Amino acid sequence: MTWKQLTAYLVGCGCCCLLLLASASGNPPPDGEGSPAIFAGNAEYVGSETCATCHDDYEAHLAVTGHGQNNFRNLSDRGCETCHGPGSVHMDDPDNAANWPRVDRLEPDLQSAVCRTCHDGAKQFFWEGSMHQARGMSCITCHSVHSPKSDTDQLQTAQPMEQCFTCHKDVRAETWKTSHHPVREGLITCGDCHNPHGSAAEGMITAVSVNEQCYSCHGEKRGPFIWEHPPVRENCLTCHSPHGSNHLKLQRTSVPFICQQCHANTRHPGTLYDASSLADGGRASNREFNRACLDCHASIHGSNHPSSPYLGH
Amino acid sequence: MHREQIHRGRVTLGFLAAGLVMSMPAMAGDDFQLHLDPLVLEVLETDVDTDSSKFEEYQDLGSGFRLPRLKIEGFDSAGERHLSFLGQRLGREDARYQMSYGVSGRYKIDLDYRKIPHRFGNQGTFLWNSTGPGRLEIADPTQAFLQGEIEARQGNGAIDFDFLNGLIAPFIQSAQQVDIALRRDRTTAKIDFGTLGRFSWGLEYGHENRKGNRAYGGSFGFGNVTEILEPIDYDTTEVQLGGEWNGSKGGVQFGYRYSRFENQISTLIWDNPFRATDSTDGRAYLAPGGASIGGSSLGFADLAPDNESSQLYLSARGHFAGWWTHGSASYGVMEQDDPLLPYTLNTSIVGVDPFTGATFDPTDPASLPTSNADTEVNVLTVNASAGRKFGDGWQLTLRGRYYDYDNQSSRIELPGYVRYHAVWEEIPRITVPYAYSRQEVGAELAKHFGRSSRLAVGYKLKTWDREFRETEESDEDIIRLSFDTRPHPKVKLNASYEVTDRTVDNYDTEAQEFSFLLPEGANNQPGLRKYAQAARETDGLRLGIQLFPHEAWNIDVGVSHMDEDYDESELGLIADEVVQLSAEVGYTPGERLTFFVFGHRSDRDTLQRSRQSGGTVSTDPDDNWQATFEEVTDTWGLGLRAQISERSELDISGNWSRSDGLVDLFTTPAGTPSSATDIDNYEDIELFALRARIDFEITDSARAGLSYRYEDFTLDRFILQGLLPYLPGATLLAADEGDYQASVIGVDLRLSF
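For the record, the sequence lines run as chains S and D. Per this note's numbering: the first sequence = residues 1 to 313. Per this note's numbering: the second sequence = residues 314 to 1066.
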């Protein structure tokens, strides 16, 4: 047995142990019975109708969200108190701020715990330990239970990307660069590549590696080819900036110079190309104008042709 | 019927059938009510002053009618069944249709169909005609004429740019104009079952067809670069079956993913504009100008091969004695086994085995040592993390990652290859199954101060092991410090600082020899270090401050500085530094008014160095040249949304982005090259985009809107500067992806039922 196989078996066994432990640990919390514990104290449930006598605006907002629909009642019959906990103490002394069952006043992890009572699997599977959780964010940092602006996912902004851009200003600026994925056009979203709730991979991407993330849309580059370009296989980000670039095809640095950051062999790879070798220069060179190196090395991501060791065609 | 039409027909039928199936139970119940809100009807009038593809690169904003939005929702009174349909930009090239039907607590079906256009360039000049899938032809008499003129010129004058340009200019002028673009038609269907106790599972199916074309470099030699259209007709099919089980102290996710990529046009054959008959040319580097006119009558490319990928994955999480733990593992196989094409289609070339001296026909696939690619890579990933809180506000997180790219592809020994379709190179080569693994272990210790401050220090060790590369092993130490605090409800601060140090065991400059059966001889610079593998030191600082001086105001200020230094690299990438500044002010006094303005500056400086050589490696530092790239990008934006009367609303947004770049080149006067001219339009780009909209409520269920969109784009890209369809040694598409000014006026009506 190789050590790789051993590692795989150990992880597999670990997962099985977790499964057994989990299966022996009783039923999952019934709907709506987890979060009230955060607020409960000695309070008792009073019913949503009671809440609405003062908070009618919240009730109206909630009615148009998933939490206000009929099907939510199939999951919990506690209404507002599903998340806010029993309200009798607050009702008895409504002006006492200490009794206000406001989720946003809790510590971030407790805020999230309210939501995770129900939303704890699937995309939220890796929430604990994720970058967003670790840096003090909670579900309501991005989501709005009462007044969502988005079509789906109850976000605080109309478009999912705007939610991400409230913090990731640098990425917002990158999307305005001329070479970009169709994020600002709304055809894809940050969530097509990233899981903001956390993932096992770096950068909260949804695939197991950057390259496999890219292959999900660019399957033609998956290969494996008989003639490979090694850095392509290691990381697409070696050459590309996926959030945006001023250069063709999301290149980090424009051709031919990005190629020359690694290739300085004899003859043309190490040759200097400058303004005089542009198309209208005195010594125009097809190694520099148009797509530069790619004018000939068209199969830069790999080739299957026996005559293409240099990734031409 | 064309295959694409069949595909679209299938998609449409699929949606109709799905809609019918979904609607049947809905309609079956008397209490199921459908609600249409909204239905938006819109007419656009678009004016663009150029043929640039850039304005509609990813969108369809052409004049005419469209349905920007149509949403239908339905529920039964018990809240058990839910149906929704959302259509966006219906009938357009960028349309999206989403449909969902679910029975509460039992199952949910989601269907999603979207079109994603991508226009690369308009009105490109194209000498060839497509006469079949993957076949591009120039009329034989044209080829013969050009070949004859060149042969006649031989010995009677220079076959230089002026001569060739004059020769081909009439054909360029009468060549067809083509738009370079493709479109993705992506369909996904997902079924979630979630009621088998703690167990839920789902099945997901996806299919995407990509069709169109894109530019492809199909050169016949250094002096005969031909840019042609690569036909794109890809199908990607994905299936995933997954399950999840959650208990109170843990859970598991597991499943299987399969992906298959199929290229319907896997071979491309195109005519050589300057040759009608095959010939050989030992100086293919120069054809067709200079001293050579030889080469193949046909170019020949093996386009992306069909491939497939499958992956099993298992993730688990749990809580033990105060620790949270995650573990995940996946094992995948990526493979392709396309038939190999022959070395060439040039019938004049004779292949020679340098080991035996035997000759063979390189146009015969049987001459190859193997018939199929037979490549396979196995990927194993293992991730584990754990954390716990302890003491007075302390938190410890441990993390480990392992990724193994195990290349099991067979090594193919080839006696040589055909260069530029023109000459047999008696240089035996062998394919190389590059492989690597990377490991990462790390820990982070954090201390919470009160409920709103957190200071953390983390350490990670990243190691790489590579096969057949310049660097076999590298280690990278990463130390990270982060501080997040909200000392006051009106102030929030996030800061982090990271410093890394990567060391390598050795650097083999001539690692390329792994792909040669006989020593190629040193032809690389010993001082070169490829930056993805080279030793480096980096440091990065990020600081963000958010202020909320008043309930209605928010102010964000951010600064970041990332610096990479490759001090052990004499040549290659030497340094890369990015400084970014951002500021944003938002004002939201109530639901009737929202305003924000932001600015962002990115200033990037990159330094690289190289050394120019002739046929042998130069050892003279005077032959060095150095390039400093300076890129400054400013991005500004604003947004205003205001209710200007009880019945009307104003929405304005604007963005301005400007990039200014320079390549500052340096050479030594005593060396070669001895001088250099800077490039001052290293992607000078400007985009101004403005959108304005007035919305007026006619009745409770009808709103009218008037919208205006304006964009002004300029592109000064050095590699496109002065580009023409024919240039020295190059026949190019020269499609328009440049400047434009565009305006779109829209009138819409939004109805609710």
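Note that CB positions come from ideal geometry on N, CA and C, so glycine has one too. Quick caveat, the model's predicted, so the values are computed rather than measured.
Quiz item: Apart from the five residues on each side of it in sequence, which residues of its chain come closer than 6 Å, Cβ to Cβ, to His240(S)?
Solution: If we look at His240(S) and ignore the five residues flanking it on each side, its Cβ neighbours are Leu250.
Quiz item: Taking Cβ to Cβ, would you say Glu850(D) is nearer than 7 Å to Asp889(D)?
Solution: In terms of Cβ geometry, Glu850(D) and Asp889(D) do not form a close pair [threshold 7 Å].
Quiz item: Taking the alpha-carbon positions, what's the Leu75(S) to Phe345(D) distance?
Solution: Distance from the CA of Leu75(S) to the CA of Phe345(D), rounded to the nearest whole angstrom, comes to 19 Å.
Self-check item: For Asn576(D), the three-state DSSP class (helix, strand or coil)
Solution: The answer is strand: DSSP assigns Asn576(D) an E or B state.
Quiz item: Alpha carbon to alpha carbon, how far is Gln124(S) from Arg116(S)?
Solution: Each residue's CA atom was taken as its position, placing Gln124(S) and Arg116(S) some 8 Å apart.
Self-check item: Residue from Leu449(D), Thr669(D), Ala1017(D) and Ala679(D) whose Cα sits closest to the Cα of Glu739(D)
Solution: The shortest Cα separation from Glu739(D) among Leu449(D), Thr669(D), Ala1017(D) and Ala679(D) belongs to Thr669(D).
Quiz item: For Arg291(S), which residues in chain D fall below 8 Å Cβ to Cβ?
Solution: Those are Ala528, Gly530, Glu540 and Ile1032, listed as they occur along chain D.
Quiz item: Can you tell me the Cα-Cα spacing of Asn294(D) and Gly700(D), whole angstroms?
Solution: Past the edges of chain D, shown from 314 to 1066, lies residue 294(D), and the structure says nothing about it.
Quiz prompt | Same chain, Cβ closer than 6 Å to Ala98(S), five either side skipped, listed in chain order | solution = Within the same chain, no Cβ atom closer than 6 Å to the Cβ of Ala98(S) is found once the five residues on either side in sequence are excluded.
Self-check item: Whole-number beta carbon distance between Arg497(D) and Ile578(D), since they are thought to touch under 8 Å
Solution: Not really, about 16 Å apart at Cβ, beyond 8 Å.
Quiz item: Helix, strand or coil: which one does DSSP assign to Arg917(D)?
Solution: Note: Arg917(D) maps to strand in three-state DSSP.
Quiz item: For Arg523(D), which beta-bridge partners are listed by DSSP?
Solution: In DSSP, Arg523(D) forms a bridge with Arg497(D) and Tyr547(D).
Exercise. For Phe439(D), collect the residues of the same chain with a Cβ closer than 7 Å to its Cβ; drop the 5 residues on either side in sequence, then sort them by chain order.
Key: Cβ neighbours of Phe439(D) within its own chain (closer than 7 Å, five residues either side excluded): Ala488, Gln489, Val491, Leu542 and Leu1046.
Quiz item: In whole angstroms, what is the alpha-carbon distance linking Gly445(D) and Asn526(D)?
Solution: Each residue's Cα considered, the two are about 14 Å apart.
Quiz item: Can you tell me the Cα-Cα spacing of Asn195(S) and Cys51(S), whole angstroms?
Solution: Distance between Asn195(S) and Cys51(S), taken at the CA atoms: about 35 Å.
Quiz item: Any C-beta of chain D sitting closer than 7 Å to the C-beta of Val210(S)?
Solution: Between Val210(S) and chain D, the shortest Cβ-Cβ separation is not below 7 Å.
Quiz item: Is Ala735(D) near Asp594(D), with beta carbons less than 7 Å apart?
Solution: Against a cut-off of 7 Å, the Cβ pair of Asp594(D) and Ala735(D) comes out as a contact.
Quiz item: Per DSSP, what kind of secondary structure is Tyr58(S) in: helix, strand or coil?
Solution: Correct three-state label for Tyr58(S): helix.
Quiz prompt | Residue closest to Arg724(D), alpha-carbon to alpha-carbon, out of Ile743(D), Tyr715(D), Gln939(D) and Gln708(D) | solution = The shortest Cα separation from Arg724(D) among Ile743(D), Tyr715(D), Gln939(D) and Gln708(D) belongs to Ile743(D).
Practice problem: State whether the stretch 934 to 945 of chain D contacts the stretch 910 to 917 of chain D, with contact taken as three or more CB pairs (one from each stretch) at a distance under 8 Å. | Solution: Touching, yes.
Quiz item: What are the residues that DSSP puts in a beta bridge with Ile205(S)?
Solution: Partner(s): His194(S).
Quiz item: Ends of the beta strand (DSSP E) at Asn478(D)?
Solution: The continuous stretches of beta strand (DSSP E) do not include Asn478(D), which lies in the alpha helix (DSSP H) extending over residues Phe474 to Gln486.
Quiz item: Would the stretch 221 to 229 of chain S and the stretch 678 to 698 of chain D be scored as touching if the rule is three or more Cβ pairs under 8 Å?
Solution: Yes, since at least three Cβ pairs between the stretch 221 to 229 of chain S and the stretch 678 to 698 of chain D fall closer than 8 Å, the two stretches touch.
Quiz item: Interface residues of chain D around Asn74(S) at Cβ under 9 Å?
Solution: The contacting residues are Ala391, Gly392, Glu393, Ser417 and Gly418.
Practice problem: In angstroms with no decimal places, state the Cα-to-Cα distance between Arg971(D) and Thr948(D). | Solution: Our two residues, Arg971(D) and Thr948(D), have alpha carbons roughly 6 Å apart in a direct line.
Quiz item: Where do the N-terminal and C-terminal ends of the beta strand (DSSP E) with Gln251(S) fall, by residue?
Solution: Gln251(S) -> no beta strand (DSSP E), and no H or E assigned at all.
Self-check item: Min CB distance Leu860(D) to chain S below 7 Å
Solution: Not closer than 7 Å to any Cβ of chain S, the Cβ of Leu860(D) fails to qualify, so no.
Quiz item: Between Pro309(S) and Tyr656(D), is the Cβ-Cβ spacing less than 7 Å?
Solution: Pro309(S) places its beta carbon 7 Å or farther from that of Tyr656(D).
Quiz item: Name the DSSP beta bridge partners of Arg1079(D), please?
Solution: Residue 1079(D) lies beyond the residue range present for chain D, which begins at 314 and ends at 1066; the question has no answer from this structure.
Practice problem: Check the Cβ-Cβ distances between Phe340(S) and every residue of chain D, and say whether any is below 7 Å. | Solution: The shown model of chain S, from 1 to 313, leaves out residue 340(S), and the question about it has no answer.
Exercise. Give me the Cα-Cα distance between Gln939(D) and Thr980(D), rounded to the nearest whole angstrom.
Key: Near 7 Å, if we compare the C-alpha coordinates of Thr980(D) and Gln939(D).
Quiz item: Under a three-way DSSP split, which group does Arg742(D) fall into?
Solution: The three-state reading of DSSP puts Arg742(D) in strand, counting E and B together.
Quiz item: Would you say Glu785(D) and Gly771(D) are within 7 Å of each other, going by their C-beta atoms?
Solution: Result no, Cβ atoms of Glu785(D) and Gly771(D) do not sit closer than 7 Å.
Exercise. Consult DSSP for Met412(D) and reduce its assignment to one of helix, strand or coil.
Key: Met412(D) falls in the strand class under three-state DSSP.
Quiz item: His180(S) to Asp651(D), Cα distance in whole Å?
Solution: Cα atoms of His180(S) and Asp651(D): separation of roughly 32 Å, rounded to the nearest angstrom.
Exercise. Provide the residue span of the alpha helix (DSSP H) that contains Val171(S), from first to last.
Key: In the DSSP assignment, Val171(S) falls within the unbroken alpha helix (DSSP H) covering Lys169 to Thr175.
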